[in-house]
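In the working numbering, the protein residues as written are 1024 to 1317. Note that beta-carbon positions come from the ideal geometry of N, C-alpha and C, so glycine has one too. This report refers to the structure that appears directly beneath it.
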Amino acid sequence: MPLLFFQRNFGERRILKDWNIKEILKWTSNFFKTKKIENARLNAELIISHILKINRLNLYLQFDRILTVSERKKIKELILRRATFEPLQYVLGECEFYGNRIIVNSAVLIPRPETELLVERIIKDNASVKSFLEIGTGSGAVAIALKMNFPESKADASDISEEALAVAKQNSDNNGTQINFIKSDIFSEIKEKYEIIVSNPPYISAEEYGNLSPEITEFEPKIALLAKENGLFFYKKILSEAKEFLCENGCIYFEIGSKQADKIREIALKNGFENISVFKDLNGFDRIVRIKNK
Ligand SMILES: C[S@@+](CC[C@H](N)C(=O)[O-])C[C@H]1O[C@@H](n2cnc3c(N)ncnc32)[C@H](O)[C@@H]1O
């Protein structure tokens, strides 16, 4: 049964009747179920509506619409990719972050919902922001959301990966923001002081990395996830140099791993920072650290 859709359309051995949306939706959903893809029906809906460039509701309103050969071919390609457990966001080539459409590919981490809390915290804390630097911008999602909320700010965002910066620049252009992207190994190419330094750095330890699901380790960039020194390398490095790049009343915002808050507090204190606050995510896990310069 599962191979029927592919044979009918691409094996060319036998031409059966055309496929309408209702049939392809049911077929895809069943196929994903056999492959043990979670939320099979939703995945099917999102892939088909993406290719047909209609929203999910319209799939149901256009149940009898017959698919063209080209549409079937494109849908097939995405179904096969998803069936290998490639994350849906990479398969679709995009996701949503803080209400903005963000292009993603294998060069960048898929922005996570909990990272929206980082943006939200900064917005809650600050009526306006003169300047900010995001370290490790990846897709640019965080910097774009901040620049949209603080249009008056001077916005810089850095990453060590040129491929990631190309994606970030494209996302910034698509969302109509003006951000200066800098290729830099943490602070290596940074020359200015900022009111806010924000980072969701790699923070997964080698041990934790070994326990992540293949959906993450096989598809998302290792450089975006793994950090030496038990996941703490970037916090140590950033905090040891931050005073040079932070305005007098400046503030650092980090996303952190749920078990890292105590260690990061220790590192911050060691580097002369005393005003440290930790905020939890919706699941009650420590997720955001705010470190004020004064
Ligand atoms: C966890 S991802 C965060 C991506 C994005 N900011 C987000 O929150 O979705 C960490 C990012 O840090 C970048 N990175 C890794 N090592 C770096 C370094 N030494 N200097 C600057 N950026 C680095 C990675 O390329 C990756 O884009």
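Assigned exposure category for residue i - 16 Cβ within 10 Å defines buried
i	result
Leu-1326	In the structure as shown, the chain begins at 1024 and stops at 1317. Residue 1326 is therefore absent and cannot be evaluated.
Met-1024	Low confidence applies here, because Met-1024 scores a pLDDT of 43, under 50, leaving its location unreliable; read the following figure in that light. When all chains shown are included, Met-1024 counts as exposed.
Leu-1103	exposed
Phe-1091	It should be noted that the sequence gives Thr, not Phe, for residue 1091. So Thr-1091 counts as exposed.
Ser-1236	exposed
Leu-1269	buried
Gly-1122	exposed
Gly-1116	exposed
Asp-1404	The requested residue 1404 is not part of the displayed model; the chain covers only 1024 to 1317.
Phe-1308	exposed
Asp-1179	buried
Leu-1080	exposed
Ile-1070	buried
Arg-1036	Since pLDDT at Arg-1036 reaches only 44, below the 50 mark, its modelled position is unreliable, and no value is offered.
Whole-Å CB distance - residue i paired with residue j, under 8 angstroms assumed
i	j	result
Ala-1191	Asp-1182	7 angstroms
Ile-1311	Tyr-1276	7 angstroms
Asn-1223	Val-1165	7 angstroms
Asn-1066	Leu-1111	6 angstroms
Pair within 9 angstroms by beta-carbon distance, residue i and residue j
i	j	result
Leu-1082	Ser-1072	yes
Asn-1043	Phe-1086	yes
Ser-1176	Ile-1133	no
Ile-1158	Phe-1257	yes
Ile-1126	Gln-1201	no
Phe-1108	Glu-1238	yes
Leu-1188	Phe-1210	no
Ile-1299	Ile-1314	yes
Arg-1124	Asn-1198	yes
Asn-1316	Asn-1272	yes
Lys-1206	Glu-1185	yes
Ile-1074	Lys-1049	no
Glu-1137	Leu-1255	no
Ile-1145	Arg-1095	no
Glu-1143	Phe-1120	no
Ala-1106	Lys-1056	no
Lys-1251	Ala-1229	yes
Ser-1093	Tyr-1113	no
Endpoints, beta strand (DSSP E) assigned at residue i
i	result
Tyr-1276	1269 to 1278
Val-1131	Segment: none, Val-1131 is in no beta strand (DSSP E) and carries neither H nor E.
Lys-970	Here the chain comprises residues numbered 1024 to 1317, so residue 970 is not present and cannot be evaluated.
Ile-1183	Counting along the chain, Ile-1183 falls outside any beta strand (DSSP E), and DSSP gives it neither H nor E.
Lys-1251	Lys-1251 -> no beta strand (DSSP E), and no H or E assigned at all.
Ser-1263	Premise fails: Ser-1263 lies in the alpha helix (DSSP H), 1256 to 1264, not in any beta strand (DSSP E).
Lys-1303	1298 to 1303
Phe-1210	Element bounds for Phe-1210: n/a, residue is neither H nor E.
Test: residue i CB closer than 9 angstroms to a CB of chain C
i	result
Arg-1288	Note that chain C does not occur in the displayed structure, where there is just one protein chain.
Terminal residues of the alpha helix (DSSP H) in which residue i lies
i	result
Ile-1167	1164 to 1172
Ser-1222	Element bounds for Ser-1222: not the alpha helix (DSSP H) but the beta strand (DSSP E), 1217 to 1222.
Ile-1145	1139 to 1148
Leu-1080	1079 to 1084
Ile-1071	1063 to 1075
Val-1114	1111 to 1115
Val-1312	Unbroken run through Val-1312 is the beta strand (DSSP E), 1309 to 1315; no alpha helix (DSSP H).
Phe-1204	It is not in any alpha helix (DSSP H) - Phe-1204 instead sits in the beta strand (DSSP E) that spans 1203 to 1206.
Glu-1100	1092 to 1106
> Any chance the stretch 1150 to 1170 sits against the stretch 1214 to 1223, with 3 or more Cβ pairs inside 8 angstroms?
Replying inline: The answer is yes - the stretch 1214 to 1223 touches the stretch 1150 to 1170, with three or more Cβ pairs under 8 angstroms.
> Does the stretch 1284 to 1295 come within contact of the stretch 1249 to 1263, defined as at least 3 CB pairs closer than 8 angstroms?
Replying inline: Segments in contact, yes.
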